[in-house]
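Written out below as structure tokens is the structure these notes cover.
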Ligand code: NOJ
Ligand code: CA
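In my numbering, the protein residues as written are 3 to 554.
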């Protein structure tokens, strides 16, 4: 891969930061975070080392699913500001070398979207924008996404006097992707935001977007053709734009979402790695992660995995067996109120481990070194907690904690009067845990994260390299090596609460005597590194990164 390609294919080695605008910074005192707030904090993000900002939905929406129910694809909800504010944000970010991407939620619209309103009135064109049936389909209660909160994937509409399909909540009717007019509208939406300067999209619910809603339709032979069409359109409009897919699918299906450049998806979240990590953490055993990494299909050279520890949804454990899920629940979500949809955890990672700094460092050291591009959820850099008093997924979307001033530096509005209350009490409350405080403390998690990101960026081999998991002679320890252009990195992580002796055979293409320690904690003794073997004793939850560069 040439040097030009490394900047063209920027997502291969980006530091992505996902932000819920309404919870980040409120600049006009109405209690709601806004686009101006994001613009004001661009230097904070640049200082942290972020290179790509992912905006959760900011479109006009009745917000029955936190904005993932879009009522207008061409606007910004008033409470966030205007399209002008968005352009200011994108421009300011660009100045600091930060790209902006946004959620593209086109599997469904809100019922409030004018298309649906016209469709239910029988409009000759918009009617076919959605998926209808005269009778309730026999399997209507199968394939529910929000168990316990959603009863069916088909609902009756009184105005249309017909049933409409909704993979998610009834207020999120699925668009009929088989309709060329719908495809055309989606192209326009993509084109619009690219013109405003976005560098791509996080594409919501991709498997459902392409599910064959009308299997009888001869126009649809391979549902992935639609993703080819999307990718192709996007790079025609903007060659450096990227599509990052949410596709929580089994390992054997994942490869089918990647394509050549401009063809299907450039990135996929690795839910497989994420869920295995949770199991490894609770067992103190690296085996689940090792198996998960080895199960990942090979990907095209310009494609990339997106890794994460905790996203804006519940930490889904749906890919684990029932017994494994129970194991994770018992350790990380002992109370029922901490769980959601029978499959996930509605907490952030630091509260799952009671703020244990060693395990937080272990987790985020993995995030920044595992093969792929790291995706942070806002606040993870300070070890932000969660607010279980909030309903379902709002628990993890609490206001950012900037300082110990009233409102946590997030807002000047009255604390008792906030749509998303600030977290005040306990060790995770803003008086104790906030950016300002952590900035002052050289040993803070914020400063640790900044250093981790800086090191990750200085060693692009993590993102670009050909990687492999290597044996350590110790099941508690994961070691992986990535090599690119003659240089290599190696990361070793001890999942156990006990010290661990490891002996690693360095792969042939990464051998040499120039290895040096580049990042890590819990060093008992300096490791012994010979040309083909690294041996050391690691501290409980210890982690180390080593690197060797060609040339100087
Ligand atoms: C996935 C999003 O991450 C989630 O928050 C949302 O509820 C569903 N898609 C529906 O859009
Ligand atoms: Ca505001």
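Positions of the beta carbon are idealized from the N, C-alpha and C atoms, including for glycine.
Check your understanding: Taking the alpha-carbon positions, what's the residue 247 to residue 225 distance?
Key -> Going from the Cα of residue 247 to the Cα of residue 225 covers about 15 Å.
Check your understanding: Counting pairs of beta carbons, one from the stretch 169-182 and one from the stretch 195-206, are three or more of them closer than 8 Å?
Key -> Verdict: no, contact absent.
Check your understanding: Who does residue 507 pair with in a DSSP beta bridge?
Key -> DSSP lists 535 as partners of residue 507.
Check your understanding: At a cut-off of 7 Å, is residue 34 close to ligand 2 when judged by its beta-carbon and the heavy atoms of the ligand?
Key -> Under cutoff, so the answer is yes.
**Study point:** Closest residue to residue 57 among 44, 90, 32, 23 (Cα-Cα distance)
**Key:** Relative to residue 57, the option among 44, 90, 32, 23 whose CA is nearest is 23.
**Study point:** Burial state of residue 148, where buried means 16 or more other Cβ atoms lie within 10 Å
**Key:** Exposed: under 16 other Cβ atoms inside 10 Å.
Practice item. Just grab the DSSP bridge partners of residue 149 for me. Key: BP columns for residue 149 point to 152.
Review point. Alpha carbon to alpha carbon, what distance is there between residue 357 and residue 392?
Key: Cα-Cα distance, rounded: 20 Å.
Check your understanding: Whose C-alpha, out of 78, 34, 16, is nearest the C-alpha of residue 409?
Key -> Residue 409 has its Cα closest to that of 34, out of 78, 34, 16.
Review point. Does any heavy atom of ligand 2 sit closer than 7 Å to the C-beta of residue 414?
Key: Flag unset: Cβ of residue 414 not near ligand 2.
**Study point:** Other residues of its chain near residue 243: CB distance less than 7 Å, five sequence neighbours each side excluded
**Key:** Correct list, in chain order: 196, 201, 202, 236, 237.
Practice item. May I ask which residues mark the beginning and end of the alpha helix (DSSP H) holding residue 13? Key: No alpha helix (DSSP H) holds residue 13; DSSP gives it neither H nor E.
Exercise for review: Can you give me the Cβ contacts of residue 184 inside the same chain, cut-off strictly under 6 Å, excluding the 5 residues immediately before and after it?
Suggested key: Excluding positions up to five away in sequence, the list reads 131, 177, 178.
Review point. Got a sec? Which residues, its chain only, sit under 7 Å from residue 29 by beta carbon, not counting five neighbours each side?
Key: The residues are 36, 38, 39, 42.
Practice item. Go through the stretch 448-504 residue by residue and report every complete run of the beta strand (DSSP E) that reaches 3 residues or more, in order. Key: Complete beta strand (DSSP E) runs here, min 3: 468-472, 479-486, 489-496.
Point to revise | CA nearest to the CA of residue 466, picked from 302, 528, 255 | key: Ranked by how close their Cα comes to the Cα of residue 466, the residues 302, 528, 255 have 302 in first place.
Point to revise | residue 398 versus 405, 385, 99, residue with shortest Cα-Cα distance | key: For the residues 405, 385, 99, the minimum Cα distance to residue 398 belongs to 385.
Check your understanding: For the candidate residues 504, 511, 533, 510, whose alpha-carbon lies nearest to that of residue 518?
Key -> Here the closest residue by C-alpha is 533.
**Study point:** Neighbourhood of residue 394 by C-beta, 7 Å cutoff - its chain only, sequence neighbours within 5 removed
**Key:** Same-chain partners within the cutoff: 342, 348.
Review point. How do the stretch 400-417 and the stretch 310-326 stand: do at least 3 beta-carbon pairs fall below 8 Å, yes or no?
Key: These segments do not touch.
Review point. Between which two residues does the alpha helix (DSSP H) containing residue 364 stretch?
Key: Residues 359-371.
**Study point:** Unbroken alpha helix (DSSP H) run spanning residue 44, endpoints
**Key:** 44-50 is the span of the alpha helix (DSSP H), which, as asked, contains residue 44.
Review point. Using DSSP with H/G/I as helix, E/B as strand and the rest coil, what is residue 110?
Key: Of the three classes helix, strand and coil, the one that applies to residue 110 here is strand, per DSSP.
Check your understanding: Would a C-beta distance cut-off of 8 Å place residue 367 and residue 454 closer than the cut-off?
Key -> Residue 367 is a Cβ neighbour of residue 454, given a cutoff of 8 Å.
Point to revise | Residues surrounding ligand 1 [beta-carbon distance to nearest heavy atom under 5 Å] | key: Going by the Cβ distance cut-off, the answer is 67, 70, 170, 206, 207, 315.
Check your understanding: Taking 7 Å as the cut-off, is the CB of residue 28 close to at least one heavy atom of ligand 2?
Key -> Yes - ligand 2 has a heavy atom lying nearer than 7 Å to the Cβ of residue 28.
Exercise for review: Quick one: grab the DSSP three-state call for residue 245.
Suggested key: The answer is strand: DSSP assigns residue 245 an E or B state.
**Study point:** Three CB pairs or more closer than 8 Å across the stretch 108-124 and the stretch 168-175
**Key:** By the Cβ rule, the stretch 108-124 counts as touching the stretch 168-175, because three or more pairs are nearer than 8 Å.
Review point. Between which two residues does the alpha helix (DSSP H) containing residue 276 stretch?
Key: Counting along the chain, the alpha helix (DSSP H) containing residue 276 begins and ends at 273-285.
Review point. Hey, how far is the Cα of residue 101 from the Cα of residue 136?
Key: Going by the C-alpha atoms only, they are around 46 Å apart.
Practice item. Mind the definition here: the stretch 51-66 touches the stretch 103-110 only if three or more C-beta pairs lie below 8 Å; say whether that holds. Key: Verdict: yes, contact present.
Practice item. Please state if the CB of residue 96 and the CB of residue 199 are separated by a distance shorter than 8 Å. Key: Against a cut-off of 8 Å, the Cβ pair of residue 96 and residue 199 comes out as a contact.
Point to revise | Assigned exposure category for residue 69 - 16 Cβ within 10 Å defines buried | key: Taking all protein chains in view, the Cβ of residue 69 is crowded by 16 or more other Cβ atoms within 10 Å, so the residue is classified as buried.
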